[in-house]
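Start counting the sequence shown at 677; every next residue gets the next number (our numbering).
Comments concern the structure below.
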Amino acid sequence: MLNGKKIVLGVTGSIAAYKAAFLCRALIKRGAEVQIVITPAGKEFITPATLSALTQKPVVSEFFTANDGTWHSHVDLGLWADLMLIAPATASTIGKMANGIADNMLITTYLSMKAPVFIAPAMDLDMYAHPSTQSNLEKLKSYGNYIIEPTTGFLASSLEGKGRMEEPDAIVAVLEAYFEKKTQLSKKKILITAGPTYEKLDPVRYISNYSSGKMGFALAEVCAERGAEVFLVSGPVQLTTNHPAIKRIDVESAEEMRQAATELFPNMDAGILCAAVADYKPAGFSEKKIKRNGEILNLELVPNPDIAAGLGKMKRCDQVLAGFALETDNAVENALQKLQKKNLDFIVLNSLQDEGAGFQVDTNKISILTAKGEKTDFPLKQKKAVAEDIVDVLLSL
Ligand code: CTP
């Protein structure tokens, strides 16, 4: 999985810097091309000569070469790399990365990095446990960086605890798994519906629901990150998408969503129907704003098409179709009924009774029920992590 991959290996001032040499060899042995960027403190622990001999490339450390003024472009490195790994990462480097303190070549390279970044912390147990380090790591995670947790063991300080950098072979295994995941859905086309629908009443009013679209957008991102071509049919939401493999089709009403989804589905390998489609729409649209006259106003509503059921009817045996069920009561029973009625392969159940699940929030707590009768419960997680679980189930089918 690492053959031909371009990896920037950032080395910082920790006693674990000697392990960077082993790491470097392990990456190169698997066919990766490695470019070292080392901090000034890193050079106190391992010499650039050692690392340069291993990578057969000059080690980058300063912004300029002292003798001729050549500028080292961190921007070019950011564009060149398929992945950046910082191992070992000290508390100081982690703090600077989290707060954008660009005072050395490694941090400027990190800030310019277009590729995913993996961080393997190495430090004393108390430094690692300190709330400042932990909040910096949380911040880095929230920016989309991956943390390779340190292990517990004997530390350079003679103390024992959590802070030992993960072993080079285990780090390499994490990177291999990452690249393997990235191709799991390659050549697959996936339809995702997301967000609410707006059902117009008059020029200034509509009927809708509280869906933010976050779950559907997280699913689109995860599918794209695993190599799929994603067609994201979205109702009106305040979210942006920037993954090049996501084609976004914005719609407003359930009818528009049905048209877009129905047209796309025959060419898809799978569909994940995450949208909170309005089940009813006003029977008529008033061209003029409906005026208040103090009387009771009765709205006549007519049913919207059931997009999931329509796609379920069209589904071929080489396609997988998944839906969501947001329930307030009799959750499992209702979800199973929906699964059967809409001819889904699996259904993701979230209950409004679970705190942190459902509309507007960044987290979700789900159970997945499959047509084969399996039920798996997952703990409360960030919606991106929930999306990873859902895509794992999709892959298993
Ligand atoms: N769905 C759909 N079209 C609709 C209604 C729902 O495609 N008109 C899809 C949703 O995207 C979801 C699944 O069907 O994947 C279940 O949605 P939900 O609103 O929970 O179910 P409904 O069938 O609308 O049933 P109810 O609202 O009565 O619970």
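Where a beta carbon is used, it is the ideal one built from N, C-alpha and C, also for glycine.
Tell me the rounded alpha-carbon separation between residue i and residue j.
{"i": "Glu897", "j": "Leu835", "result": "42 angstroms"}
{"i": "Met760", "j": "Pro920", "result": "20 angstroms"}
{"i": "Pro626", "j": "Tyr874", "result": "Residue numbering for the chain in the displayed model covers 677 to 1073; residue 626 lies beyond these limits and cannot be assessed."}
{"i": "Ala1007", "j": "Leu1025", "result": "7 angstroms"}
{"i": "Met799", "j": "Tyr694", "result": "14 angstroms"}
{"i": "Gly999", "j": "Cys899", "result": "15 angstroms"}
{"i": "Leu987", "j": "Ala853", "result": "34 angstroms"}
{"i": "Ile972", "j": "Lys1048", "result": "49 angstroms"}
{"i": "Phe893", "j": "Gly1032", "result": "18 angstroms"}
{"i": "Ala1061", "j": "Asp744", "result": "48 angstroms"}
{"i": "Asp752", "j": "Ser811", "result": "30 angstroms"}
{"i": "Thr917", "j": "Tyr819", "result": "15 angstroms"}
{"i": "Leu915", "j": "Ala702", "result": "40 angstroms"}
{"i": "Asp945", "j": "Ile925", "result": "18 angstroms"}
{"i": "Pro764", "j": "Ile722", "result": "12 angstroms"}
{"i": "Lys890", "j": "Gln1058", "result": "10 angstroms"}
{"i": "Leu949", "j": "Lys817", "result": "28 angstroms"}
{"i": "Asn1075", "j": "Cys993", "result": "Only positions 677 to 1073 of the chain appear in this structure, which leaves residue 1075 out of reach."}
{"i": "Asp758", "j": "Ile823", "result": "17 angstroms"}
{"i": "Trp747", "j": "Ser862", "result": "38 angstroms"}
{"i": "Asn943", "j": "Lys682", "result": "34 angstroms"}
{"i": "Phe698", "j": "Asp845", "result": "9 angstroms"}
{"i": "Glu963", "j": "Glu976", "result": "16 angstroms"}
{"i": "Glu1050", "j": "Asn1010", "result": "15 angstroms"}
{"i": "Gly839", "j": "Val850", "result": "18 angstroms"}
{"i": "Lys1041", "j": "Ala805", "result": "28 angstroms"}
{"i": "Thr741", "j": "Val735", "result": "11 angstroms"}
{"i": "Pro716", "j": "Pro724", "result": "10 angstroms"}
{"i": "Thr828", "j": "Lys815", "result": "23 angstroms"}
{"i": "His750", "j": "Gly776", "result": "14 angstroms"}
{"i": "Asn821", "j": "Asn969", "result": "56 angstroms"}
{"i": "Lys1017", "j": "Ala696", "result": "56 angstroms"}
{"i": "Val1037", "j": "Leu755", "result": "34 angstroms"}
So, at 8 angstroms on beta carbons, what are the nonlocal neighbours of residue i in its own chain, with the 5 sequence-adjacent residues on each side left out?
{"i": "Thr1004", "result": "Ser1027, Leu1028, Gln1029"}
{"i": "Thr859", "result": "Arg902, Gly903"}
{"i": "Lys989", "result": "Asn1019"}
{"i": "Cys1081", "result": "Since the first residue of the chain shown is 677 and the last is 1073, residue 1081 is not available in this structure."}
{"i": "Tyr786", "result": "Gly686, Met760, Ile762, Met773, Val793"}
{"i": "Thr938", "result": "Ile983, Gly986, Leu987, Met990"}
{"i": "Glu856", "result": "Met677"}
{"i": "Leu895", "result": "Ile868, Ala870, Ile948, Cys950, Ala1063, Ile1066, Val1067"}
{"i": "Phe1054", "result": "Lys1041, Ile1042, Ser1043, Ile1044, Val1062, Asp1065"}
{"i": "Met933", "result": "Thr869, Thr873, Val909, Gly911, Val927, Ala951, Val953, Ile983"}
Skipping 5 residues on each side, what residues in its chain have a beta carbon closer than 6 angstroms to that of residue i?
{"i": "Thr769", "result": "Thr688"}
{"i": "Lys772", "result": "Ile783"}
{"i": "Ile1044", "result": "Phe1022, Val1024, Thr1052, Val1069"}
{"i": "Pro872", "result": "Ser884, Asn885, Ser887, Gly911, Ala952"}
{"i": "Glu905", "result": "Lys865, Ala921"}
{"i": "Phe961", "result": "Lys876"}
{"i": "Val880", "result": "Lys965"}
{"i": "Ser690", "result": "Pro764, Thr766, Ala798"}
{"i": "Val848", "result": "Ala702"}
{"i": "Ala832", "result": "Ile691"}
{"i": "Val913", "result": "Gly871, Gly889"}
{"i": "Lys923", "result": "Phe907"}
{"i": "Thr1046", "result": "Phe1022"}
Looking at residue i: is its Cβ nearer than 8 angstroms to the Cβ of residue j?
{"i": "Leu1073", "j": "Val996", "result": "yes"}
{"i": "Asn679", "j": "Gly718", "result": "no"}
{"i": "Phe739", "j": "Met781", "result": "yes"}
{"i": "Leu1056", "j": "Thr1039", "result": "yes"}
{"i": "Glu931", "j": "Pro981", "result": "yes"}
{"i": "Leu813", "j": "Gly837", "result": "no"}
{"i": "Glu842", "j": "Ala778", "result": "no"}
{"i": "Ile714", "j": "Ser737", "result": "yes"}
Report yes if the C-beta of residue i is less than 7 angstroms from at least one heavy atom of ligand 2; otherwise report no.
{"i": "Asp945", "result": "This structure does not include ligand 2; its bound ligands are ligand 1."}
Starting from the C-beta of residue i, find all residues in its chain whose C-beta is less than 7 angstroms away, skip the five residues before and the five after it, and write them out in chain order.
{"i": "Val978", "result": "Tyr956, Lys957, Ala959"}
{"i": "Thr809", "result": "Ala767, Ile770, Met803"}
{"i": "Gly1034", "result": "Leu1002, Asn1026, Leu1028"}
{"i": "Glu720", "result": "Gly689"}
Spell out a yes or no on whether the stretch 863-875 and the stretch 784-803 are touching, meaning 3 or more CB-CB pairs, one atom from each, closer than 8 angstroms.
no
At least 3 beta-carbon pairs within less than 8 angstroms: the stretch 870-884 vs the stretch 952-959:
yes
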